[in-house]
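Heads up, the sequence shown is in the working numbering, so the first residue is 9 and it goes up one at a time.
Built from N, CA and C at the ideal position, the CB exists for glycine as well.
None of these values were measured; they are calculated from a predicted model.
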Amino acid sequence: MAATDIQGGVRTFDGSVHVRFLDTMLASTNGAAVMEDAEKGPLYLIPFDDVYFDYLSRTDAMVDYPARGRMGVWRVSAAGRAEDAVMWTLDEPAPDLARFGRCAIFDGTKVAIEVVPADGTVV
9 MAATDIQGGV RTFDGSVHVR FLDTMLASTN GAAVMEDAEK GPLYLIPFDD
59 VYFDYLSRTD AMVDYPARGR MGVWRVSAAG RAEDAVMWTL DEPAPDLARF
109 GRCAIFDGTK VAIEVVPADG TVV
């Protein structure tokens, strides 16, 4: 199945995405969407229903991205370690991204993101 442009430069992702901090699973989904970021590369939008919030806590920080909207910042605490700013949520999404208001984006420099396309090749 080919990727389909949804809106705002976001396209469907045909496969699964798994997010880990150390050995702790933070998210696992077959329902991700993806958008390209010039600096960070692909960003996977993971529905809240597929995020394990037990290890995540919201901070008071907010980040404004003109093309994305206002985003909440989250930290992780698991396996005796903690890391700030591992996840962002589209709290006030830009109009083109309104349908992704209940999605999370993880920072791939702070967590392991395993991407497995439906054809089975690991990215």
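Find the nearest neighbour of Phe56 within the set Ala120, Arg110 and Asp31, judged by alpha-carbon distance. Arg110
Per DSSP, Glu122 forms a beta bridge with which residues? His26
Ala106: which of Leu98, Ile113 and Arg83 sits nearest, CA to CA? Leu98
Take the Cβ of Val25 as the centre, count every other Cβ of all protein chains shown within 10 Å, and call the residue buried at 16 or more, exposed below. buried
Just verifying my parser: in three-state terms, what is the DSSP assignment at Tyr63? helix
Where does the unbroken beta strand (DSSP E) through Arg78 begin, and where does it stop? Gly77 to Ala86
Would you mind sorting Val71 into buried or exposed? The rule is 16 or more other CB atoms within 10 Å of its CB. exposed
Under the three-state DSSP convention, the category Pro74 falls into: coil
Measuring only the C-alpha atoms, how far is Pro103 from Thr129? 34 Å
If you follow the beta strand (DSSP E) that Phe114 is in, where does it begin and where does it stop? Cys111 to Phe114
Identify, in the order they occur along the chain, each residue of the same chain with its Cβ nearer than 8 Å to the Cβ of Trp82, setting aside the five sequence neighbours on each side. Leu64, Ser65, Arg66, Thr67, Ala93, Val94, Met95, Trp96, Thr97 and Ala112
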